[in-house]
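J.:
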Amino acid sequence: GAVVSQHPSWVICKSGTSVKIECRSLDFQATTMFWYRQFPKQSLMLMATSNEGSKATYEQGVEKDKFLINHASLTLSTLTVTSAHPEDSSFYICSAKGGSGSYNEQFFGPGTRLTVL
Amino acid sequence: GENVEQHPSTLSVQEGDSAVIKCTYSDSASNYFPWYKQELGKRPQLIIDIRSNVGEKKDQRIAVTLNKTAKHFSLHITETQPEDSAVYFCAATAGKSTFGDGTTLTVKP
């Protein structure tokens, strides 16, 4: 149990376009989902925390109008990178709380590698 | 907010030796401390965790210790094997997790 999927696993897009990334908890209801960004050889930087049915809480320095997060159900959260630019190229990973783990444990998705040309 | 420092950034050991990675945190509200192993291009995998009401936890070759007073916690891997080579992250959690910068562990056969 406690499987989290992400789609797509990788995407290449042109500068100026928008990209949507989906994060799904496959076998449990996720009360909270997190979105992280990871640059090569660096740590995971939390971008935002989302709870089902409410607005996401963004970390300082993260533009909420550029990184749109929707958490419409207990099993799905989406991150849309709007008007993507090359500097947005990164590895985006979601995680979800809930399921069979302790109430603190996060289950990570496999990540989405975004390349903006 | 929370600040987590992790040391060392790189660690190289011989197979069979022990490896120790240390982290400090700043927010006394943090009450959950997971450790993750991440291989290149893959998702972080939880390897062990500890809650603030526990001082030590062990799972086979892996152990974690927590000193809540000093706000530091450590990962200990004994009898290291080449497949232990990866990047290890600590995290301190108070609702949300703040990650350390990672330690690249290389186990030489």
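These protein sequence lines map, in sequence, to chains A and B. The working numbering numbers the first residue of the first sequence as 167 and each following residue consecutively. The working numbering numbers the first residue of the second sequence as 12 and each following residue consecutively. Idealized CB from N, CA, C, for every residue including glycine.
Within 7 Å (strictly less), CB to CB, does P276(A) reach chain B?
T.: Within the first sequence, numbered from 1, the residue matching residue 276(A) stands at position 110. So, interface residue.
J.: Let me make sure I understand the geometry here. Which of S39(B), A40(B), S23(B) has the alpha-carbon closest to that of I32(B)?
T.: As a first step, residue 32(B) is located in the second sequence; it is residue number 21 there, counting from the start. With distances taken between Cα atoms, I32(B) lies closest to S23(B).
J.: Quick check: what's the CA-CA separation for E271(A) versus L210(A)?
T.: The residue labelled residue 271(A) in the question sits at position 105 within the first sequence. The residue labelled residue 210(A) in the question sits at position 44 within the first sequence. Distance between the alpha carbons of E271(A) and L210(A) is about 16 Å.
J.: Based on the DSSP output, what are the partners of R190(A) in its beta bridges?
T.: Locating residue 190(A) in the first sequence gives position 24, where the first residue counts as 1. S171(A), L242(A), per the DSSP bridge assignment.
J.: Comparing the C-beta of N270(A) with each C-beta of chain B, is any distance below 7 Å?
T.: Looking up residue 270(A) in the first sequence gives position 104. True, the Cβ-Cβ gap to chain B drops below 7 Å.
J.: What does N236(A) pair with, by DSSP beta-bridge criteria?
T.: In the first sequence, the residue the question calls residue 236(A) occupies position 70. For N236(A), which the question treats as bridged, DSSP gives the partners T244(A).
J.: By alpha-carbon positions, which one of L245(A), L192(A), K232(A) ends up nearest to H251(A)?
T.: Here residue 251(A) is taken as the residue at index 85 of the first sequence, counted from 1. Taking only the C-alpha atoms, the option nearest H251(A) is K232(A).
J.: Quick check for students: name the residue ranges of the beta strand (DSSP E) that lie wholly in the stretch 22–92 of chain B, counting only runs of 3 or more.
T.: Entirely contained in the stretch 22–92 of chain B, the beta strand (DSSP E) runs reaching 3 residues are, in chain order, 30–36, 43–49, 56–62, 67–70, 73–78, 83–88.
J.: For F100(B), which residues in chain A fall below 9 Å Cβ to Cβ?
T.: Taking the second sequence and counting its residues from 1, the one referred to as residue 100(B) is at position 89. Ordered by position in chain A, the residues that pass the 9 Å Cβ test against F100(B) are S209, L210.
J.: Compute the Euclidean distance between the alpha carbons of K221(A) and F194(A), then round it to the nearest angstrom.
T.: Reading the first sequence from its first residue, position 55 is the one you call residue 221(A). Reading the first sequence from its first residue, position 28 is the one you call residue 194(A). For K221(A) and F194(A), the distance between alpha carbons rounds to 21 Å.
J.: Given Q25(B), which residues of its chain have a CB within under 7 Å of its CB, disregarding the five upstream and five downstream residues?
T.: For the purposes of this step, residue 25(B) is identified with residue 14 of the second sequence, where counting begins at 1. Correct list, in chain order: K119.
J.: By the 7 Å beta-carbon criterion, what residues does the stretch 235–259 of chain A contribute toward chain B?
T.: Answer set for the stretch 235–259 of chain A: I259.
J.: Run through chain A and tell me which residues come within less than 9 Å of E57(B), C-beta to C-beta.
T.: If you number the second sequence from 1, residue 57(B) lands on position 46. The sequence shown places Leu at residue 57(B), not Glu. In chain order: G267, E271, Q272, F273, F274.
J.: Could you spell out where the beta strand (DSSP E) holding A97(B) opens and where it closes?
T.: Taking the second sequence and counting its residues from 1, the one referred to as residue 97(B) is at position 86. Note, A97(B): beta strand (DSSP E), 97–105.
J.: Put E94(B) into one of helix, strand or coil per three-state DSSP.
T.: Walking along the second sequence from the start, residue 94(B) turns up at place 83. Looking at E94(B) - three-state DSSP - the assignment turns out to be helix.
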